[in-house]
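**Student:** In terms of my numbering, the sequence shown is residues 1074 to 1418.
Glycine residues also receive a C-beta, built at the ideal position from the N, C-alpha and C atoms.
If you're wondering where the values come from, they're calculated on a predicted model, not measured in any experiment.
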Amino acid sequence: MPKYSEIAQVENPPEQKDLPSWLAHPLKVPASQPNMLLFPGEMTHYAGMLAVCQRLPLVQEMIELATEAFDFDVQRVFEECTAEDEASRTDRSQMLAYVADCAAYELFREQQPEVASNLRAVAGFSVGEFAALVAAGVMSYDQGLLIVKARGEAMQRWVEQLPMAALAVFGLEETMLAELCAQTGTSHQQVFLSHGWGRRCFVCSGEREAVEALQQLTAQEAVYTQLIENRVDAGHTPLAAEIAAEVEEAISSIPMNPPRCEVYFGCGYRVPAGEDPSVFLPYLSQQLTMPLRWDVVVASSLQRGIRRYFECGPGQSLKELMMFNSITAQTQTIRPYELTTAMQV
1074 MPKYSEIAQV ENPPEQKDLP SWLAHPLKVP ASQPNMLLFP GEMTHYAGML AVCQRLPLVQ
1134 EMIELATEAF DFDVQRVFEE CTAEDEASRT DRSQMLAYVA DCAAYELFRE QQPEVASNLR
1194 AVAGFSVGEF AALVAAGVMS YDQGLLIVKA RGEAMQRWVE QLPMAALAVF GLEETMLAEL
1254 CAQTGTSHQQ VFLSHGWGRR CFVCSGEREA VEALQQLTAQ EAVYTQLIEN RVDAGHTPLA
1314 AEIAAEVEEA ISSIPMNPPR CEVYFGCGYR VPAGEDPSVF LPYLSQQLTM PLRWDVVVAS
1374 SLQRGIRRYF ECGPGQSLKE LMMFNSITAQ TQTIRPYELT TAMQV
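#1: Round the Cβ separation of V1125 and Q1417 to the nearest angstrom and send it over; I've been treating them as touching at under 8 Å.
#2: Beta carbon of S1278, beta carbon of H1309: below 9 Å?
#3: Quick check on the DSSP output: the alpha helix (DSSP H) that includes E1246 runs from which residue to which?
#4: Could you tell me the alpha carbon to alpha carbon distance between Y1356 and M1329, rounded to whole angstroms?
#5: Just reading off the beta strand (DSSP E) that G1279 is part of, what are its end residues?
#6: A1124 lies in the alpha helix (DSSP H); which residues open and close that run?
#7: Where I1136 and A1239 are concerned, what is the direct C-alpha to C-alpha distance, given to the nearest angstrom?
#8: Between the C-alpha atoms of P1107 and L1375, what's the straight-line distance to the nearest angstrom?
#9: For M1109, which residues does DSSP report across the bridge?
#10: Along the chain, where does the alpha helix (DSSP H) containing L1138 start, and where does it finish?
#11: Please tell me whether Q1262 and E1247 are closer than 9 Å, where the distance is taken between their beta carbons.
#12: Note down, one range per segment and in chain order, each beta strand (DSSP E) of at least 3 residues found wholly within the region 1299-1355.
#13: Can you say whether N1398 is buried or exposed, counting buried as having 16 or more other CB atoms within 10 angstroms of its CB?
#14: Under three-state DSSP, which class holds T1155?
#15: Rounding to the nearest angstrom, what Cα-Cα distance links Q1293 and L1312 in this structure?
#16: Alpha carbons only, please: which of A1307, H1268, T1298 and S1267 is nearest the one belonging to E1233?
#17: What first and last residue would you give for the beta strand (DSSP E) that runs through L1266?
#18: For the beta strand (DSSP E) holding E1406, just list the boundary residues, first then last.
#19: CA-CA distance, H1098 and M1116?
#20: Could you work out which residue in P1350, D1349, A1120 and D1164 is closest to G1225 when comparing CA atoms only?
#21: Going by beta carbon distance, what residues of the same chain come within less than 6 Å of G1347, once the five residues before and after it are set aside?
#22: What does the alpha-carbon distance come out to for the pair C1340 and T1155?
#23: Excluding five sequence neighbours on each side, which residues of the same chain lie with their C-beta closer than 6 Å to the C-beta of F1338?
#24: Specify, as a first and last residue, the run of the alpha helix (DSSP H) that A1189 falls within.
#25: Label T1259 either buried or exposed according to how many other C-beta atoms from any shown protein chain fall within 10 Å of its C-beta, with 16 as the threshold for buried.
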């Protein structure tokens, strides 16, 4: 897997040409333009989410199915999202994100039918990966409900048993940060690099004491760090091995289809349209144990010609992450933030 530092370049040359006119008119994007759909992960919920989507009869059916599968009133949580709903719980947050992402995709299909039928690629952030696979035709929405339910419940049991935390670190090279994680970890407390957001922008996750020790250690390097308060698990690290095994049982029970477009997995692995599912199932099954390299996903997709991104889900968390990424191509600096449209759902 290439390091983002080996891919990304910086700074615009003064001779940069004007951006194409379609950038100022996202609803006029030609279907032939290399487009990619992005699906955000958990902790993106808010009261009133899906207010636009819910006018679609299909979305209403999807919410009813989710309520039956998850055993709580998904519709009411979308509308009110009160403290009593515990929407920030690991299990519920994942379930809500999956339903919201898939609903946003249906809205996208209605608003951009030509683009939706000519997608180049899809990608999802953590649990958003399952919504991406629905959009790619790998699995059905109903099948995804089963996987996400198993994933969320397994991770909820995990966070109730083990105190964990996550730390955002800005300004350190990946190799140095990995060394600090190794120095911090002990036989009883461990911390690992779990997410790559962009150039020198990472998240480290692990057992709480080890994460707090890492924060103290990085303070000596004069870099900016911040504990991520709404993240209480060490997903995307080796600590999640037992949880991944539980989720794998649900994944392996689902018959999957070859994708109808490219799929960029969070670990940085890309599969072409038509690929046999047996090739990428190991990456999906071990998703929770491997670092989520969003920096590699963005850089790789840009290098392969993607020039328009649509974020399908509540909020614009992935568009905001795009601010940490840019590459140079043909004397231009390409900033994916400027190429990303967050759907109003």
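**Tutor:** Per the coordinate set shown:
#1: 6 Å between Cβ atoms; contact.
#2: In this structure, H1309 lies closer than 9 Å to S1278 by Cβ.
#3: Where E1246 is concerned, there is no enclosing alpha helix (DSSP H), given that its DSSP letter is neither H nor E.
#4: Computed Cα separation, rounded: 14 Å.
#5: Looking at the DSSP string, the run of the beta strand (DSSP E) that includes G1279 is C1274 to E1280.
#6: No alpha helix (DSSP H) holds A1124; DSSP gives it neither H nor E.
#7: So the alpha carbons of these two residues sit roughly 31 Å apart.
#8: Cα to Cα, the separation comes out at about 10 Å.
#9: Beta-bridge pairing links M1109 to A1194 and Y1382.
#10: Judged by DSSP secondary structure, L1138 falls within the alpha helix (DSSP H) whose first and last residues are P1130 to F1143.
#11: A distance of 9 Å or more separates the beta carbons of Q1262 and E1247.
#12: Listed in chain order, the complete beta strand (DSSP E) runs (minimum 3 residues) inside the region 1299-1355 are 1335-1337.
#13: By the neighbour-count criterion, in which a residue is buried when 16 or more other Cβ atoms sit within 10 angstroms of its Cβ, N1398 is buried.
#14: DSSP places T1155 outside both helix and strand once states are collapsed to three, so it counts as coil.
#15: The straight-line gap from Cα to Cα measures roughly 26 Å.
#16: The candidate whose alpha carbon is nearest that of E1233 is A1307.
#17: For L1266, the uninterrupted beta strand (DSSP E) segment begins and ends at V1264 to G1271.
#18: The displayed chain sequence assigns Thr, not Glu, to residue 1406. Residues Q1405 to I1407.
#19: Reliability fails at H1098, whose pLDDT of 45 lies under 50, so the model's placement of it is uncertain and the value that follows must be treated cautiously. Their Cα atoms are separated by approximately 30 Å.
#20: The shortest C-alpha to C-alpha distance from G1225 to any of P1350, D1349, A1120 and D1164 is the one to D1164.
#21: Contacts found: P1331.
#22: For C1340 and T1155, the distance between alpha carbons rounds to 34 Å.
#23: If the five residues before and after F1338 are omitted, its C-beta is found closer than 6 Å to the C-beta atoms of Y1356, all from its own chain and listed in chain order.
#24: Run containing A1189: P1186 to A1189, per the alpha helix (DSSP H) assignment.
#25: Classification for T1259: exposed.
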